[in-house]
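Okay, structure coming up:
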C-alpha cells in the first residue's frame, strides 16, 4: 500500500519544485531590464541582417568610384 504512494509523492514534489523554479525563471527573464536588453539585441540582429541583405543585393556598378578602387586594391 505504501509502495504506490512513494512515486506519486515524488512526482508531485518534483512537479511543484519545477513549477516554482520555472515561475522564478520567467519572472527573472521578463524583468524590464532583461527584456529591454533582449529587445535591443533582437533589433540589432534584424538591422545587421537587413544591411547584409542590402550589401549582397547591391551590384558593384552602383557603388561609388572610390569604393570600387578600394575594393580592387584589397582583392588584388
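In the working numbering, the protein residues as written are -11 to 64. Note that beta-carbon positions come from the ideal geometry of N, C-alpha and C, so glycine has one too.
Can you give the Cα-Cα distance for residue 5 and residue 41, rounded to whole angstroms?
In this structure, the CA atom of residue 5 is about 46 Å from the CA atom of residue 41.
Is DSSP giving residue 47 helix, strand or coil here?
coil
Look up residue 20 in the DSSP assignment and say whether it is helix, strand or coil.
helix
To which residues of the same chain is residue 46 closer than 8 Å at the C-beta, ignoring the five residues directly before and after it?
So the list is empty, once near-sequence residues are dropped.
Under three-state DSSP, which class holds residue -9?
In the structure shown, residue -9 sits in coil (DSSP, three-state: anything other than H, G, I, E or B).
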